[in-house]
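Scroll down for the structure; my scribbles are underneath it.
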Amino acid sequence: MIPPTTNNSMEYSLARPPADGSSASTRPQELRYEFEEELRPPMWGWKRIVIVSLVAVVLIVSTFLGGYFRGIEVGKRIKDSNTGNLSDELFDSEWQHLPCITPDYKCPDDFQEAPLILISLDGFRPDYLERRRNPSLERLAQCGVKAPFMRPVFPSKTFPNHYTIVTGLWPESHGIVDNKMYDPELKTLFKLGNKESFKSKWWEGEPIWVTVEKQGKKSATFFWPGSDVKIRNSRPSYYFKYNEKIPWQSRVEVILAWLDLPPDRRPSFMSLYVNEPDSAGHDYGPHSEKVDEALELLEIMLDRLIAGLQERNLLGCVNVIIVSDHGMTSISCDQVISLDRYVDPSSFYSLVGASARIKPKSSSKFAVGQLVEMLRCSHEHLLVYAKERLPKRYHYSDHRRIEPIVLDMDSGYLVLNKMADKESDYCTGGAHGYDNMASSMQGIFLGHGPAFKQNVAVRPFRNIELYELMTELLKITARPNNGTRGALHYLLRSHGPLPDLPHPQVPPQCYVNPENVTEDAADEDDGCMCKSDTRTAATHFGFDRKTHDATRPFHGLHVPWGDPALVTAEADVEQRSQCLLTNHDYVAVFHKDLRLPLW
Numbered sequence: 000m001i002p003p004t005t006n007n008s009m010e011y012s013l014a015r016p017p018a019d020g021s022s023a024s025t026r027p028q029e030l031r032y033e034f035e036e037e038l039r040p041p042m043w044g045w046k047r048i049v050i051v052s053l054v055a056v057v058l059i060v061s062t063f064l065g066g067y068f069r070g071i072e073v074g075k076r077i078k079d080s081n082t083g084n085l086s087d088e089l090f091d092s093e094w095q096h097l098p099c100i101t102p103d104y105k106c107p108d109d110f111q112e113a114p115l116i117l118i119s120l121d122g123f124r125p126d127y128l129e130r131r132r133n134p135s136l137e138r139l140a141q142c143g144v145k146a147p148f149m150r151p152v153f154p155s156k157t158f159p160n161h162y163t164i165v166t167g168l169w170p171e172s173h174g175i176v177d178n179k180m181y182d183p184e185l186k187t188l189f190k191l192g193n194k195e196s197f198k199s200k201w202w203e204g205e206p207i208w209v210t211v212e213k214q215g216k217k218s219a220t221f222f223w224p225g226s227d228v229k230i231r232n233s234r235p236s237y238y239f240k241y242n243e244k245i246p247w248q249s250r251v252e253v254i255l256a257w258l259d260l261p262p263d264r265r266p267s268f269m270s271l272y273v274n275e276p277d278s279a280g281h282d283y284g285p286h287s288e289k290v291d292e293a294l295e296l297l298e299i300m301l302d303r304l305i306a307g308l309q310e311r312n313l314l315g316c317v318n319v320i321i322v323s324d325h326g327m328t329s330i331s332c333d334q335v336i337s338l339d340r341y342v343d344p345s346s347f348y349s350l351v352g353a354s355a356r357i358k359p360k361s362s363s364k365f366a367v368g369q370l371v372e373m374l375r376c377s378h379e380h381l382l383v384y385a386k387e388r389l390p391k392r393y394h395y396s397d398h399r400r401i402e403p404i405v406l407d408m409d410s411g412y413l414v415l416n417k418m419a420d421k422e423s424d425y426c427t428g429g430a431h432g433y434d435n436m437a438s439s440m441q442g443i444f445l446g447h448g449p450a451f452k453q454n455v456a457v458r459p460f461r462n463i464e465l466y467e468l469m470t471e472l473l474k475i476t477a478r479p480n481n482g483t484r485g486a487l488h489y490l491l492r493s494h495g496p497l498p499d500l501p502h503p504q505v506p507p508q509c510y511v512n513p514e515n516v517t518e519d520a521a522d523e524d525d526g527c528m529c530k531s532d533t534r535t536a537a538t539h540f541g542f543d544r545k546t547h548d549a550t551r552p553f554h555g556l557h558v559p560w561g562d563p564a565l566v567t568a569e570a571d572v573e574q575r576s577q578c579l580l581t582n583h584d585y586v587a588v589f590h591k592d593l594r595l596p597l598w
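Everything in the sequence shown is counted per numbering that gives the first Met the number 0, starting at 0 for the first residue and increasing by one.
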């Protein structure tokens, strides 16, 4: 029985969490423990509300229960077979033999705007596709676009990457910097499934489902990190709180039921999250038979979804994006870096594992620098950074939830506080969170539907660009983000115009009058290690106007494709504080007020 609750929502009590809200498992898991769908009734008379609500309850409950038991039946059949391989009939669906959709595909009259379904397969490495366990993905790629991989953000963890995908922001901008993090201002800890993780104060930025709702359309999420949190005073029209026990088949049936809704109630944006093959990869490693089994179960789920679209004559009327948030690599207890071998663990707070951060108990900059120096050359597979010294490509320094010291390990290595921690099962199986450039950390991308090109292998890209792509597919105005409008236009059959940008202008040449430069200024220590006797005031500060022509050979050497230009709205670039700095060894744009190069 499904008891109704107040505030016009329905709650399915399929699994209750422990009293403390933690997982019953002894191994860290990325789980939530409640399942809830909220429905917003239309503003009609109370009689219509009662009638429509009753009908909706019956339809949704019937759909859910039908999908639930069908999912259990399929899962039981596979488990009973105990062979690790599915029967041939499951790999031979009718839709897989149909021709790819054409631009003149006839959609139902009430599907003039294509909805978007965003699907995440957690921890799906690109090379999993080579195992030939997912013919549905192969066929979707043949009739759509596929990237060899998609680059995650750093750290290559579940929550930071999922929230980046739906906001277009770096983790340092949206605040979800890890699956587990401490906020020194809030003085509390965020971790998966605890009460804090459901509070909006952690979730900065505006996810796409909120933008969809604000712009007059409906959104629906069957799990996505953050979608069960009230962000900016908004939630999706339909959403579920995470419960891993809900069969995947049931989740698919609900997605299809959403598509069956009348246009005024049908979501324009839908998301579906599945925790595999991530869980199998963590427990048994990415090369295990358990991962193969998880891939086969995913094939059943995806096949049912696409077959459901075909049955509704919607295969060419719905855009589907399938992604993963990161990859997975094997770990071993022989590849553990124990901090207690080099420093006293009682002198700092730490979050350890495949990505690690440290905060000295003393808040002084001296303590940070001292700890960095003590760890800097401690292990050949470990790099230690004060966070402001991290490589800029990480975009991982400008947030208070990032501790002052970041440890960057080679893939497959773990940082733990004590040698004794090696005795646990934490260092077996698989892990992720490493450098987002590592090949084992990459995710997948496939796009299929009326908006996408067909049978096209596209170059890899960063997942931060997906947000702008999705807002264009949904015909909504994007919020400010770190992606680039039009960066993924090459995936699409057609696309809208790019925003008008000012014409790029080359800054004026930096110059200085050597007569106004004192000898002391010319000899001023600039921090360079390599000194030259031939240096003059002009080469120290740039070239003077009289020797402007002498700079041209250096431009040809260092910028053979043209001088760097600035995109600026100011009409008179001569009045700007930037100038083109030409030296014997480089050409750069220099900010005269900040006395710093812009690049």
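Even for Gly, the Cβ is constructed at its ideal location relative to N, Cα and C.
(1) Taking C-alpha atoms, which residue in Gln-441, Leu-468, Arg-399, Ile-443 lies nearest to Ser-172?
(2) On the CB-based measure, 16 or more other CB atoms within 10 Å of its CB, does Pro-159 come out buried or exposed?
(3) I need the DSSP call for Lys-364, collapsed to helix, strand or coil.
(4) Which of helix, strand or coil does DSSP assign to Ile-116?
(5) So, for Val-351: in the same chain, excluding its five sequence neighbours on each side, which residues have a beta-carbon less than 7 angstroms away from its beta-carbon?
(6) Hey, how far is the Cα of Ser-396 from the Cα of Glu-402?
(7) Below 9 angstroms between beta carbons: does that hold for Ala-219 and Trp-257?
(8) Since Pro-125 and Glu-298 are thought to touch, with beta carbons under 8 angstroms apart, how far apart are those beta carbons, to the nearest angstrom?
(9) Using three-state DSSP, classify Ala-450 as helix, strand or coil.
(10) Could you tell me the distance, in whole angstroms, from the CA atom of Asp-499 to the CA atom of Arg-311?
(11) Does the Cβ of Phe-365 have 16 or more other Cβ atoms within 10 Å, making it buried, or fewer, making it exposed?
(12) Name, in chain order, the residues that DSSP records as bridge partners for Thr-470.
(13) Alpha carbon to alpha carbon, what distance is there between Asp-291 and Ser-439?
(14) At the level of alpha carbons, what is the spacing between Phe-589 and Leu-308?
(15) In the structure shown, what three-state DSSP assignment does Gly-66 receive?
(16) Kindly indicate which three-state DSSP category Thr-483 falls into: helix, strand or coil?
(17) Hey, Ile-336 and Cys-426 are a contact pair by Cβ (cut 8 angstroms); roughly how many whole angstroms apart?
(18) In the structure shown, what three-state DSSP assignment does Glu-33 receive?
(19) Going by CA-CA distance only, name the one from Ala-477, Gly-215, Val-322 that's closest to Phe-148.
(20) Less than 9 angstroms separating the beta-carbons of Pro-266 and Tyr-237?
(21) Do you know how far the Cα of Asp-182 is from the Cα of Gln-369?
(22) Select from Asp-108, Lys-194, Phe-222, Ala-113 the residue whose C-alpha is nearest the C-alpha of Glu-471.
(23) Evaluate Ser-362 with the Cβ neighbour count: other Cβ atoms within 10 Å of its Cβ, from every protein chain shown; 16 or more gives buried, anything less gives exposed.
(24) Given this structure, state the Cα-to-Cα distance separating Gly-555 from Thr-581, to the nearest angstrom.
(25) Shortest alpha-carbon distance to Leu-296 belongs to which of Lys-179, Pro-276, Arg-264, Lys-244?
(26) Can you look up Lys-530 in the DSSP assignment and give me helix, strand or coil?
(27) Pull up the CB-CB distance for Leu-271 and Phe-221, whole angstroms please, since I reckon it's below 8 angstroms.
(28) Relative to the alpha-carbon of Thr-101, which residue among Ile-118, Leu-188, Gly-143, Pro-285 has its alpha-carbon at the smallest distance?
(29) Could you check which residue in Lys-217, Asp-324, Arg-484 has the C-alpha nearest to that of Ser-155?
(30) What separation, rounded to the nearest whole angstrom, lies between the Cα atoms of Ile-254 and Ala-430?
(31) Over the uninterrupted alpha helix (DSSP H) stretch that includes Asn-160, give me the two end residues.
(32) Round the Cβ separation of Trp-208 and Pro-170 to the nearest angstrom and send it over; I've been treating them as touching at under 8 angstroms.
(33) Suppose you measure from the CA of Ala-564 to the CA of Asn-481; what does that come to, to the nearest Å?
(34) Report the three-state DSSP secondary structure of Cys-578 (helix, strand or coil).
(35) Please check the pair Val-603 and Leu-579, which I expect to be a contact at CB under 8 angstroms, by giving their CB distance rounded to whole angstroms.
(36) Do Gly-122 and Gly-280 have their C-beta atoms closer together than 9 angstroms?
So, to answer that:
(1) Against the sequence shown, residue 172 aligns to sequence position 173. With distances taken between Cα atoms, Ser-172 lies closest to Arg-399.
(2) Numbered from 1 along the sequence shown, position 160 holds the residue referred to as residue 159. The residue is buried, with at least 16 neighbouring Cβ atoms inside 10 Å.
(3) Sequence index remark: in the sequence shown, residue 364 carries index 365 (1-based). Reduced to three states, the DSSP call for Lys-364 is helix.
(4) For the purposes of this step, residue 116 is taken as the residue at position 117 of the sequence shown. Three-state DSSP puts Ile-116 in a strand.
(5) Here residue 351 refers to the residue found at position 352 of the sequence shown. Once the five neighbours on either side are set aside, the close Cβ partners of Val-351 are Val-414, Leu-415, Asn-416.
(6) Within the sequence shown, numbered from 1, the residue matching residue 396 stands at position 397. Within the sequence shown, numbered from 1, the residue matching residue 402 stands at position 403. Taking the straight line joining both Cα atoms gives about 9 angstroms.
(7) Counting from 1 along the sequence shown, the entry for residue 219 is found at position 220. Counting from 1 along the sequence shown, the entry for residue 257 is found at position 258. The answer is yes: Cβ separation under 9 angstroms.
(8) Within the sequence shown, the letter at position 126 stands for residue 125. Within the sequence shown, the letter at position 299 stands for residue 298. So it is not a contact: roughly 17 angstroms between Cβ atoms.
(9) On the sequence shown, residue 450 is found 451 positions in, with the first residue counted as 1. Coil at Ala-450, not helix or strand.
(10) As a working mapping, residue 499 is identified with position 500 in the sequence shown. As a working mapping, residue 311 is identified with position 312 in the sequence shown. If you take the alpha carbons of Asp-499 and Arg-311, they lie about 40 angstroms apart.
(11) Mapped onto the sequence shown, residue 365 falls at position 366. Result: exposed.
(12) One-based indexing of the sequence shown puts residue 470 at position 471. BP columns for Thr-470 are empty, so no partner.
(13) Residue mapping note: residue 439 aligns to position 440 of the sequence shown, counting from 1. Residue mapping note: residue 291 aligns to position 292 of the sequence shown, counting from 1. Ser-439 and Asp-291: Cα-Cα distance of roughly 17 angstroms.
(14) For this step, residue 589 is matched to residue 590 along the sequence shown. For this step, residue 308 is matched to residue 309 along the sequence shown. Each residue's Cα considered, the two are about 56 angstroms apart.
(15) In the sequence shown, counting from the first residue as 1, residue 66 sits at position 67. Residue placement at Gly-66 is poorly supported in this model, since its pLDDT is 47, which falls under 50; the coordinates are not used for a value here.
(16) The residue labelled residue 483 in the question sits at position 484 within the sequence shown. In this structure, Thr-483 counts as coil in the three-state DSSP scheme.
(17) Against the sequence shown, residue 336 aligns to sequence position 337. Against the sequence shown, residue 426 aligns to sequence position 427. Actually they do not touch by this definition, with Cβ atoms about 11 angstroms apart.
(18) Here the question's residue 33 lines up with position 34 in the sequence shown. For Glu-33, the predicted structure reports a pLDDT of 30, less than 50, and the residue's modelled location is therefore unreliable. The matter cannot be settled from this model.
(19) Residue 148 sits at position 149 when you count from the first residue of the sequence shown. Taking only the C-alpha atoms, the option nearest Phe-148 is Val-322.
(20) Your numbering for residue 266 matches position 267 in the sequence shown. Your numbering for residue 237 matches position 238 in the sequence shown. Yes; because the gap between Cβ atoms is below 9 angstroms, this pair is in contact.
(21) Walking along the sequence shown from the start, residue 369 turns up at place 370. Walking along the sequence shown from the start, residue 182 turns up at place 183. Distance between the alpha carbons of Gln-369 and Asp-182: 23 angstroms.
(22) Walking along the sequence shown from the start, residue 471 turns up at place 472. It is Ala-113 whose Cα lies nearest to the Cα of Glu-471.
(23) If you number the sequence shown from 1, residue 362 lands on position 363. Ser-362 should be labelled exposed.
(24) For this step, residue 555 is matched to residue 556 along the sequence shown. For this step, residue 581 is matched to residue 582 along the sequence shown. Each residue's Cα considered, the two are about 11 angstroms apart.
(25) The sequence position of residue 296 within the sequence shown is 297, counting from 1. Here the closest residue by C-alpha is Pro-276.
(26) The residue labelled residue 530 in the question sits at position 531 within the sequence shown. Annotation note: pLDDT 48 at Lys-530 (below 50); position unreliable, coordinate value reported separately. Correct three-state label for Lys-530: coil.
(27) Taking the sequence shown and counting its residues from 1, the one referred to as residue 271 is at position 272. Taking the sequence shown and counting its residues from 1, the one referred to as residue 221 is at position 222. That belief holds up - the Cβ atoms of Leu-271 and Phe-221 are roughly 5 angstroms apart, short of 8 angstroms.
(28) Numbered from 1 along the sequence shown, position 102 holds the residue referred to as residue 101. If we check each option's Cα against that of Thr-101, Gly-143 comes out closest.
(29) As a first step, residue 155 is located in the sequence shown; it is residue number 156 there, counting from the start. Per the Cα distances, Asp-324.
(30) For the purposes of this step, residue 254 is taken as the residue at position 255 of the sequence shown. For the purposes of this step, residue 430 is taken as the residue at position 431 of the sequence shown. Taking the straight line joining both Cα atoms gives about 30 angstroms.
(31) For this step, residue 160 is matched to residue 161 along the sequence shown. Counting along the chain, the alpha helix (DSSP H) containing Asn-160 begins and ends at 157-166.
(32) Taking the first residue of the sequence shown as position 1, residue 208 is located at position 209. Taking the first residue of the sequence shown as position 1, residue 170 is located at position 171. About 19 angstroms; that fails the 8 angstroms criterion.
(33) Translated into the one-based positions of the sequence shown, residue 564 becomes position 565. Translated into the one-based positions of the sequence shown, residue 481 becomes position 482. Cα to Cα, Ala-564 sits roughly 21 angstroms from Asn-481.
(34) On the sequence shown, residue 578 is found 579 positions in, with the first residue counted as 1. The answer is strand: DSSP assigns Cys-578 an E or B state.
(35) No answer is possible for residue 603: the residues shown for the chain start at 0 and end at 598.
(36) By 1-based counting over the sequence shown, the position of residue 122 is 123. By 1-based counting over the sequence shown, the position of residue 280 is 281. Their beta carbons are under 9 angstroms apart, which means Gly-122 touches Gly-280 by this criterion.
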